[in-house]
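Protein chains: 4
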Amino acid sequence: MTASRTVELEGHIIDSGMMQRAFGAVMDLGGSFHVEQFDVGTRKDETSYCRMRVTADDDEHLLPILHTLHQLGANLHDPVDATLEPAPADQVVPRGFYSTTNHPTRIRHDGAWLDVEYIEMDCAIVVEPSSTGNQNASRSDDVVEPDGPRAYTKVLNAIEAGDLVVTGEAGIKVNPPERPRGTEGPFGFMQGGISSERPSLSLIGNVADAIVETAESGGNVLVVPGPALLHSGAGPDLARLVREGYVDMLSAGNGFAVHDLERDLYGTSLGMDVETLEHPRKGHKHHIYAISEVIRAGGIRPAVEQGVINSGVMYECVTNDVPFVLAGSIRDDGPLPDTIQNSVDAQNAIRDQAREADLVLMLSTLLHSVAVGNCLPSTAKVVCVDINPATVTQLVDRGSAQAVGMVTDVGTFVPLLAERVLEG
Amino acid sequence: MTASRTVELEGHIIDSGMMQRAFGAVMDLGGSFHVEQFDVGTRKDETSYCRMRVTADDDEHLLPILHTLHQLGANLHDPVDATLEPAPADQVVPRGFYSTTNHPTRIRHDGAWLDVEYIEMDCAIVVEPSSTGNQNASRSDDVVEPDGPRAYTKVLNAIEAGDLVVTGEAGIKVNPPERPRGTEGPFGFMQGGISSERPSLSLIGNVADAIVETAESGGNVLVVPGPALLHSGAGPDLARLVREGYVDMLSAGNGFAVHDLERDLYGTSLGMDVETLEHPRKGHKHHIYAISEVIRAGGIRPAVEQGVINSGVMYECVTNDVPFVLAGSIRDDGPLPDTIQNSVDAQNAIRDQAREADLVLMLSTLLHSVAVGNCLPSTAKVVCVDINPATVTQLVDRGSAQAVGMVTDVGTFVPLLAERVLEG
Amino acid sequence: MTASRTVELEGHIIDSGMMQRAFGAVMDLGGSFHVEQFDVGTRKDETSYCRMRVTADDDEHLLPILHTLHQLGANLHDPVDATLEPAPADQVVPRGFYSTTNHPTRIRHDGAWLDVEYIEMDCAIVVEPSSTGNQNASRSDDVVEPDGPRAYTKVLNAIEAGDLVVTGEAGIKVNPPERPRGTEGPFGFMQGGISSERPSLSLIGNVADAIVETAESGGNVLVVPGPALLHSGAGPDLARLVREGYVDMLSAGNGFAVHDLERDLYGTSLGMDVETLEHPRKGHKHHIYAISEVIRAGGIRPAVEQGVINSGVMYECVTNDVPFVLAGSIRDDGPLPDTIQNSVDAQNAIRDQAREADLVLMLSTLLHSVAVGNCLPSTAKVVCVDINPATVTQLVDRGSAQAVGMVTDVGTFVPLLAERVLEG
Amino acid sequence: MTASRTVELEGHIIDSGMMQRAFGAVMDLGGSFHVEQFDVGTRKDETSYCRMRVTADDDEHLLPILHTLHQLGANLHDPVDATLEPAPADQVVPRGFYSTTNHPTRIRHDGAWLDVEYIEMDCAIVVEPSSTGNQNASRSDDVVEPDGPRAYTKVLNAIEAGDLVVTGEAGIKVNPPERPRGTEGPFGFMQGGISSERPSLSLIGNVADAIVETAESGGNVLVVPGPALLHSGAGPDLARLVREGYVDMLSAGNGFAVHDLERDLYGTSLGMDVETLEHPRKGHKHHIYAISEVIRAGGIRPAVEQGVINSGVMYECVTNDVPFVLAGSIRDDGPLPDTIQNSVDAQNAIRDQAREADLVLMLSTLLHSVAVGNCLPSTAKVVCVDINPATVTQLVDRGSAQAVGMVTDVGTFVPLLAERVLEG
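Residue numbers (our numbering), protein chains in the order written: chain A, 482 to 905; chain B, 482 to 905; chain C, 482 to 905; chain D, 482 to 905.
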C-alpha cells in the first residue's frame, strides 16, 4: 500500500528555486509526484501556485519527504490542526517532534493560524493554549499577552515536562524568504553569495550604506567581532563606530575583550605593540595581567569607572551603554568576571541579542558567528567578513536568505567601513 | 645609568637555535650583549656553554629582555632565590608575576632548586613553603608530599589571596627541550614541522609505530577528535582503536559525541546515511532527537547500559572504561548530560587528562586541540592532523617541541592508521 | 520602443534549475517576461515545456538577456537560420560573434539543424557550407566528411580570415545536461557537488567503480596529475594503474615528469628520499641533473629504451604506450625535450586528448586541470581531487554537469584508489 | 676509511642562524664535526668565526654534506681553485656540476676570487677564462668586459657544449644575507616573516615608504599582478601608481592584460560591471572579443595609439613607457599578440626584468610570482600580498632574505597603498 499526501507551494516558487528543490527532494527520497495544478506567474511580479500529490511506498518513507518539503516551504494542503503531544520529561521531546527551520512559520491550532514566535532553527514548537500568559516561554519574560493561544520555539534544554510540543508535519506552514526583486536600495546588494568576484571597495560602500540605513530607521546593528580584528589593528575603528552610535549590541568572546583591554592597558595585543609593530616581549604575560587587573577592579564596567580602562571597544561599549555579551570557551585565559562561563547561559544571552538584531556584522570569528547565526531568523540581514573563504562559506550557507559573505582582510575592511559610515 | 645582568646558556645551544634566538631577542628589544665565556661543544654529542652580560638603558628596558631570555632558556647567572609575593586577592596576581612557559622549569627557594610541578604555559608559579601538604594546589588533590617546600603552577582563576607567587626573573631556570639527535626509533620522525612534503603513507606508518610503542611502554594515548572525523566516515575505525586498547583517554566536544550517538541510533550523521551517501532528510531533527533520547536515559553510560546505544566511539569508551571529557561550547545543541557546560570546569577536566598524556592525537578540531594544547607541557608528544594547513600550523607552532603536523584527510588517515596499528 | 522575442525551454526544466535561472537572468538584466505556455511534467519522468516572451527597453538591452538565456538552454522560438559573417582577418572574430558554452549545441543552417562538433566553451562556431571536407577545421585533420555542411568550434587563434562565423543568438540551440535521475550505478554518485560531508572511503570506492566501468566499456580515462602526487608518495600507485591498463592518457606539466624521473634516478623527489623521509641534501641539484640526463638521452622514450629510466609513472607510460602531453610553464626547470614549450601548441595537444576523454581524474594540479577543463564538453565525467577546497570548488564550478569534487589528500587517495581498482 | 674536510663560517653566524643550520645539516646527513676554532663576537656589531672539520664515512657521504654546508654559507677552508669541466653537449651539464643558490657567490679561479654574475638559484656556473668578451653569456649581450676571466650563471637550457662548468664544492664561497640589524628606516620592517599578526594599515604604510624610498633612490620597482587584482576593483589604483611613476616594470600573464583591456573596452571584467556590481551577461564573450580587437589593432601599443584602449594598467604602461612582460600559459584565451607563447623565451624576458629589480611587489598571482622569484637574487627586496596564506608562505619561503608576506585582500591593499604613496 502506498501512502500519499497533497502539498501546496505558493509565491515566486520558480525563480526562488523552491519548485526545483521540492521536485528534487521528492526524487532524492524515493518518492514520486503528480502535479495537480500549476498556475505560473506570467510576469515577474506575479506569484505562482502549485498543488501536487506526493506518493511514497508507505508512511515511513513518506514522512521524511513531507518533512523536507515543509522545510522548503511546501505545506500540506489539508487544513488540519497541528498535532500536539506533551513532553514526557524535562529536556525530552516527544517522538516525532517537529524540528524548526529558521523561516517564518505558522501552525494551525483550533482552526486558526498562529505565528510561531521567536523562530529559530532546530527548535521544538510549544503551544500554550491558555490565556494566562507565558510563564513557560523560555526567554521572553518581558512579554505579556493575556489573550489567546500562543506558539513559540523552545530549544531542547528549555523543554519542560508537560509542554505541548508540535509533532508530525500537518498544520504547519513555513514561508522561506523569497529572492529579492531588483538590486536597488541600500540592501540591494544583499542577494546572498560570496564576494570573491566583487570589487572590495564597492561592497564595503554597500555595507556602510546598510549600516546607516539601519541606524536611520531605528533598527539594531549587532557586531560579532573576533580577536583577529584587534591583531590586525582595526580596534580603534570599531571603537569609533561604537562611540558614534552605529553599534547597538556586541557579541564576542572572552579573548576579544581581553585583547582589547590589554591594548588599552599596555598598548599591546598578544604582546606586540600595535603601533610600532615591535614585540616588546614574548608570551602572554600582559594578557594574564590585564585579566588580573580587571578582576581586581570587579569587572569591565568598574574598571572603566575607576579609570583603569580608558579606551578601546569595550570602553566605548560601557561609556555609550552598548550592551555586550561575552561568552566563555575552553580556550580562554582567566576568564574576565563579565564572561559567561556556562555555555547554555551564554547561548541564552546570545539568543536575546539575536532576537533584537536587524543587521548582524560577523567579523573574523567562526565560533561566535555560528553561535549567533544559530539563533537568527532567516529574515535577519547578515554580513560575514573573514579572510578564510571556508569560514565565509560555512556561515553564509547556514541559512539567512540575506546573508552576504566577503572574503577580505578585517584589518583593512573595518577602517574603510568606518570611514564610509562616518564620513559618508 | 645603564642596567645589566649576566645570563648563562647551556646544552646544545647552537644547533637547537637557542643561541640564535637569545642574541636576536637582545637586539630586538634594544639591548646589547657582551659574551664573557663561550665554550663550544666540539663534537655533536658535546654541549656548549655561554655566559654573557646583557645591558639595556635602564631596568625598565632590561626586564623584558630578561623575561624573553628566560623563556628561551637563558638563566640568570647569579644564584639567588626566586622572589615571592603574596597574591593580593583571589584571582589576582601580584605585579610583576612570572608567567610560565610550557618547558620544564625549576625555581630556587631557600638556596635549593625545586622542580615546578604541573608545568603549563601562561600560569603563575605558587610556592608552598610549609611541609603541610598542598591544600591550595589547584588540581592535584591526590598528591601527598608531606615534606619540604613545593612549587607548582596555578592558572589565574585558581589563585587564592595570600598564595606566594613568584615574581621577577631571578632564581628561575627554564629548560627548553633540545632538538632530537638522530632520526631512528618510533619517535624519530618527531622532529617537528609539518608534513606537506612528506609521503603520507610513510608518515601514517610512523604515527602507528608511535602509538604501538606508547601502548607497549605503558604510556597514555589521548585522542582529541572533531565531528569531521565522523562525517568523513572514520568513526568505526576510531571505535576499533578504542576497543583494541590503543586509546587511553578521549577529549572532545558535545558535537562529536552527539554525531557519534546519532549514527548509532539512526545510521546518519547530520542527517546523511554514511554508508550509502544518501541524504534521507534534511535538517538536524535526528541530531536533536539523539540528544533527547540520551537525556531520557540519563546520560551516555546509562544509554549504553540500557541498550539504547550499541556501537560507536562513545559506546566503546563506555564499554572499555576509557575516560572521556566532553566540553561544552556556545555552538552546541542540547547539550548532553555528560557535557561540562562551565568552561572553567571543562578546562580543569581537560587539564587533568593532559597531565597524564604521553602521546596526543589531535584529529580535525581546532577548538578542542587548542584547549588541550594549552595544558600540555612541551615534553608531551603531539600529532596534529587536519585538512586545513592553517589549523595544523597554528597547533604545531603553539609550543610542543615534538609536535608533528600532517595536512591530510582524517577520513583516509584514521582507517589507514587503524589498519597499521591493528594489523602491523 | 521596447524589443521582445519569444524563447522556449524544454526538458526537466524545473528540477534541473533551468527555469529558475532563466527567470532570474531576465530580472537581473532588467527585462520582463510573459509566460505564454507552461506545460508542467506531472510525474518525475515527464518533461516540461515553457514558452515565454521576453521584453527589454530596446535591442541593446535585449541582446545580453537572450545571450544569457541561450547559455541556460532557452532557445529562440522562431525557427530561423543562424547568422553567419566572415571573419575579417586571421584571429579576429566579427562583431557580435556567438561565444560557445560547453554544452551540446546545434545551429540551424539552410533550414536544417547541425550538431556543432568539438563543443568547447568560449569558442566561435564556424560553418563550412561546402562539401569539400574541412581543411580549415583547426584540430581535426584526420576527419573526412565529404558531404553536407558542417559546424564546429574554433578557438580565437585558429580563426582564419574568411571563416564563416556564427553571430547573434538566432538559430542556435543549447542543450545543458539534465540532473541525473536516481543514484544507482557506478556513476550514480556523480551528481556534482563537493564531498566535504561525504565519507572518504565510500567516495573512493565510487571513483574506483567508475574507472573500472569506463575501462570495461572501452572508454578513455585521462589522468591529470600534479607534482604533489609524487611528493606525497603516491607515484608508485599511479604507476601501477598505468601498468595495469586503467589509464589511457596522461596530461601533466614538465615538473611532474621531472620529479617522477628524478625519483627513479636518485630515489628522491625535490631532494628528499621518499622512502626514509630523509633529506639527503638540499636544493634542486638532482632535479636539474635528472633533466640534463634525459636531455643527454634524447628524451623520455629514448631514456627508457637506453635503460636510463627504469620505473615510475613516465616509465610505465612509455612501456605501455600510454600517450602523454607535457605542457611547459614559466615555472619550469629545463625543460625536458618532451615538454611543449609553446602554450598554444600545448593547448592544442591538450585539446586533442580532452576530446577523447570519457572520465577525467584531476589530481592536485590547478593549472593543468583548468587547462584540460577548458577543453572538455559538459558531457565528460570529471573527478577532481585536491587538499585545497578552493581548488576543488574552482574546478567543479567550471562547468561539467557531472563533475565531482573531493577535498582529500592525494597521498592517501591514490593508494586507496589503486587498491580498490586493482583488487576490487 | 673516513673522509673529512675543513670548512669555515664567518659573519653574524650565530644570530643569523647559520651556525645552527650548519651543525644541523652535518647531523642530518650522518656526519660529525669537530670545531677547531670558534671566535664569538662579543658584541652585537662584531662578527664571529668558526672553523670546523667535518667527517663522514666516505667521500660519497661527505659530498652532500659539503654541498649543503656550501649553500648555508660554510666554505671550504683550503684555498684551491674551483674545478671546471666542459659541458659534454648542449643543455647537458657535467656530472657533479655545482648548482647555485640565490645568494651572492664567488669562485676561485687562477688563484683569484671572481664574483659570479647574475646569481640565481638552480643554475650552473660557467667560467669564461679568455679575455675575448662573453659571446656565450646567455642574457648579457649588452655587457662588454674585454679583460680578465668571468664567471656567470647559466640555466640548463642555455648551456652549450664545451662551456666550462664548475663542478664539486671546492673554490666556491657563498655569502647568505645576514639578518638586518635594527628595525629603523623604510626597510626596517623587512625582517621576513608573514604578517598575520601585524596591523594591516601599519604594514601598508611601511610598504608605501619602501616604494617611495626606492623611487627616490633611483631603484627599480617591479610589480607582478594577477587578475584577482582587477576583479577586486583595484585596477584604477594600480594604474595611478604606474602613471605617477612608482612602477618601473610590470610582469604579468595574458589573463591580467586581457581583463584590464576588457574593462576599458566594456567596463567589465569577466563579464561583470565593476562599478555597479551587476553581471550584464554571463560568459567570456567580452573577454574573447577584447582579445580579438587588440589582435585586429596589432597589439596593445598600437591599440592604445589608435585610440582603441583609453585607460587601465596596460594603457598607463604604454603611455608612460613602463616596460611589461606578458608570459603565456596553457590557461590563456587568445593569446594577445604581446604575450610570449614560448615558456623559455618568457622566462628569459622575466629574468631580464628580475635582474634590474630592487623592490618586487607580488600581488595575487602564484604562477607569475614563482616565475619571477626563481630569477631573483636573495638581495632583492620582495613584498608578497595574497589572501591565501599558503601562497604567501610558499613565496616567502623560496629564498629572499628580505621577503615580507602579507595575507590581505589585494582589493583593499592596493587602494590604501596608492593613497599612502601618492598622498603621503
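No residue lacks a Cβ here, since even glycine has one placed at the ideal position from N, Cα and C.
**Asked** To which residues of the same chain is residue 443 of chain A closer than 7 Å at the C-beta, ignoring the five residues directly before and after it?
**Response** The structure shown does not extend to residue 443 of chain A, since chain A spans only 482 to 905, so no value can be given for it.
**Request:** Measure from the C-beta of residue 878 of chain A to each C-beta in chain B and report whether the shortest distance is under 8 Å.
**Result:** Closer than 8 Å: no.
**Prompt:** Per DSSP, residue 514 of chain C forms a beta bridge with which residues?
**Reply:** DSSP lists C:535 as partners of residue 514 of chain C.
**Prompt:** Looking at chain A, which residues of the region 820-844 of chain B have a Cβ within less than 7 Å of any of its Cβ atoms?
**Reply:** 822, 823, 824, 825, 827, 828, 831
**the region 493-504 of chain B contacting the region 516-532 of chain B, beta-carbon criterion three pairs below 8 Å** = Enough Cβ pairs lie closer than 8 Å, so yes.
**Request:** Go through its chain and collect everything with a Cβ distance to residue 577 of chain C's Cβ below 7 Å, but skip five positions before and after it.
**Result:** 648, 649
**Message:** Which same chain residues end up closer than 7 Å to residue 503 of chain C when comparing Cβ atoms and leaving out the 5 residues on each side of it in sequence?
**Reply:** 490, 550, 553, 555
**Message:** What does the alpha-carbon distance come out to for the pair residue 567 of chain C and residue 633 of chain C?
**Reply:** 15 Å
**residue 828 of chain B, DSSP secondary structure in three states** = helix
**Item:** Min CB distance residue 683 of chain B to chain C below 8 Å
**Value:** Yes, its Cβ sits closer than 8 Å to a Cβ of chain C.
**Item:** Same chain only: Cβ atoms within 6 Å of residue 701 of chain B, ignoring 5 sequence neighbours per side
**Value:** 729, 837, 838, 839
**Request:** Taking residue 806 of chain D as part of the beta strand (DSSP E), name the residues at either end of that continuous run.
**Result:** Taken as a continuous stretch (DSSP letters only), the beta strand (DSSP E) holding residue 806 of chain D covers 805-808.
**Message:** Going by DSSP in three states, residue 798 of chain A sits in which element: helix, strand or coil?
**Reply:** Looking at residue 798 of chain A - three-state DSSP - the assignment turns out to be helix.
**Request:** Would you give the residue range spanned by the beta strand (DSSP E) that residue 508 of chain A belongs to?
**Result:** Taken as a continuous stretch (DSSP letters only), residue 508 of chain A belongs to no beta strand (DSSP E), being part of the alpha helix (DSSP H) at 499-509.
**Item:** Meets three-Cβ-pair contact criterion under 8 Å: the region 714-721 of chain A and the region 896-903 of chain A
**Value:** yes
**Item:** residue 487 of chain A and residue 536 of chain A closer than 8 Å at C-beta
**Value:** Not closer than 8 Å, so no.
**Request:** Spell out a yes or no on whether the region 765-778 of chain B and the region 592-604 of chain A are touching, meaning 3 or more CB-CB pairs, one atom from each, closer than 8 Å.
**Result:** The region 765-778 of chain B vs the region 592-604 of chain A: in contact.
**Asked** Excluding sequence positions up to five away, which residues of its chain have a Cβ less than 7 Å from the Cβ of residue 688 of chain C?
**Response** Taken in chain order, the residues that qualify are 864, 898.
**Asked** So, is residue 966 of chain A buried or exposed, given that buried needs 16 or more other C-beta atoms within 10 angstroms?
**Response** In the structure as shown, chain A begins at 482 and stops at 905. Residue 966 of chain A is therefore absent and cannot be evaluated.
**Request:** Mind checking the region 887-902 of chain B against chain C and listing, in chain order, the residues whose C-beta falls within less than 7 Å of any C-beta there?
**Result:** 888, 889, 890, 892, 893, 894, 896, 897
**Message:** Can you look up residue 604 of chain D in the DSSP assignment and give me helix, strand or coil?
**Reply:** coil
**Item:** Whether residue 557 of chain A touches residue 608 of chain A by CB criterion (8 Å)
**Value:** no
**Message:** Is there a Cβ of chain B sitting closer than 8 Å to that of residue 779 of chain A, yes or no?
**Reply:** By this cut-off, residue 779 of chain A is not an interface position.
**Request:** Please report how far the alpha carbon of residue 641 of chain B lies from the alpha carbon of residue 784 of chain A, in whole angstroms.
**Result:** 21 Å
**Prompt:** Applying the criterion that 16 or more other CB atoms from any shown protein chain within 10 Å of the CB defines a buried residue, is residue 505 of chain A buried or exposed?
**Reply:** buried
**Item:** Cross-strand partners of residue 843 of chain C (DSSP beta bridge)
**Value:** C:705, C:865
**Prompt:** Going by beta carbon distance, what residues of the same chain come within less than 8 Å of residue 682 of chain B, once the five residues before and after it are set aside?
**Reply:** 897
**Request:** Quick one: residues in its chain with C-beta nearer than 6 Å to the C-beta of residue 596 of chain B, no 5 flanking neighbours on either side, listed in chain order?
**Result:** 587
**Asked** Which residues of chain B have a Cβ atom closer than 9 Å to the Cβ of residue 724 of chain D, listed in chain order?
**Response** What residue 724 of chain D touches in chain B: nothing, since even the nearest Cβ is about 37 Å away.
**Asked** If you count every other CB in all the chains shown that lies within 10 Å of the CB of residue 583 of chain C, and 16 or more means buried, which is it?
**Response** buried
**Message:** Below 8 Å on C-beta distance, what does residue 913 of chain B contact in chain D?
**Reply:** Since the first residue shown for chain B is 482 and the last is 905, residue 913 of chain B is missing from the structure and cannot be characterised.
**Message:** If distances are taken between C-alpha atoms only, which option among C:859, C:652, C:844 comes closest to residue 873 of chain C?
**Reply:** C:844
**Prompt:** Of all Cβ atoms in chain B, is any one closer than 8 Å to the Cβ of residue 496 of chain D?
**Reply:** yes
**Request:** With a floor of 3 residues, list each beta strand (DSSP E) that falls wholly inside the region 532-579 of chain C, ordered by position along the chain.
**Result:** Counting only runs of 3 or more, we get 564-567.
**Request:** For chain C, find out if any of its Cβ atoms is closer than 8 Å to the Cβ of residue 808 of chain D; answer yes or no.
**Result:** yes
**Contacts that residue 608 of chain B makes with chain A (C-beta to C-beta distance below 9 Å)** = In chain order: nothing, as chain A lies at least about 18 Å away.
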